[in-house]
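A.B. asks: Just add 12 to the spot in the sequence shown (first one is 1) and you have the working numbering.
Note that beta-carbon positions come from the ideal geometry of N, C-alpha and C, so glycine has one too.
This is the structure I want to talk about, given as structure tokens.
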Amino acid sequence: MTSYTITQLGTRALKDIGLVAAEETPSAVDLNWSIETCQAEIETMAWIGINIWDGSQYDIPLAYLTPLSRRCGISMSVSYGLISVADAIAAIPVAENVLRMLGQKPATGEVQTAEYF
Numbered sequence: 013m014t015s016y017t018i019t020q021l022g023t024r025a026l027k028d029i030g031l032v033a034a035e036e037t038p039s040a041v042d043l044n045w046s047i048e049t050c051q052a053e054i055e056t057m058a059w060i061g062i063n064i065w066d067g068s069q070y071d072i073p074l075a076y077l078t079p080l081s082r083r084c085g086i087s088m089s090v091s092y093g094l095i096s097v098a099d100a101i102a103a104i105p106v107a108e109n110v111l112r113m114l115g116q117k118p119a120t121g122e123v124q125t126a127e128y129f
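Printed below as a string of structure tokens:
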């Protein structure tokens with residue numbers, strides 16, 4: 013299974029918001045800011061109940077790379093003046109919906125049994 017590091021996520025988020033071109037390498041300052049923001053946003057999502065992957069906090073599975081990059085990019089966009097705080101607040105729940113779906117356990121197709129008293 014392909015996975016990504018927090019540095020790769022930070023780089024991807026900077027590219028997704030258009031601060032860095034696809035073939036460019038971000039500056040050390042921008043990359044550090046991006047990593048810090050991604051780490052903070054991942055922690056925030058964990059505290060509000062968005063379960064993200066399998067417990068390895070920064071070993072990011074492929075399925076999460078783009079949705080998580082977009083979600084973190086929303087927060088970064090505010091600090092770079094690309095969008096307003098109000099626009100970010102409106103966009104965050106939409107981005108988190110995908111992450112919530114990814115965090116759910118897949119259906120097994122089995123009937124659940126229960127005891128009745």
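1) Identify, in the order they occur along the chain, each residue of the same chain with its Cβ nearer than 8 Å to the Cβ of Leu74, setting aside the five sequence neighbours on each side.
2) Looking at Ser39 and Gly22, is the spacing between their C-beta atoms short of 8 Å?
3) Quick one: any contact between the stretch 71 to 91 and the stretch 19 to 37, if contact means 3 or more CB pairs under 8 Å?
4) In the DSSP output, which residue or residues are listed as bridge partners for Ser15?
5) Does the beta-carbon distance from Arg112 to Ile62 come in below 8 Å?
6) For Val90 versus Ala103, is the C-beta spacing smaller than 8 Å?
C.D. replies: Let me spell this out:
1) Excluding positions up to five away in sequence, the list reads Met13, Thr14, Ser15 and Tyr16.
2) no
3) yes
4) Looking at the DSSP output, Ser15 bridges to Pro73.
5) The answer is yes: Cβ separation under 8 Å.
6) no
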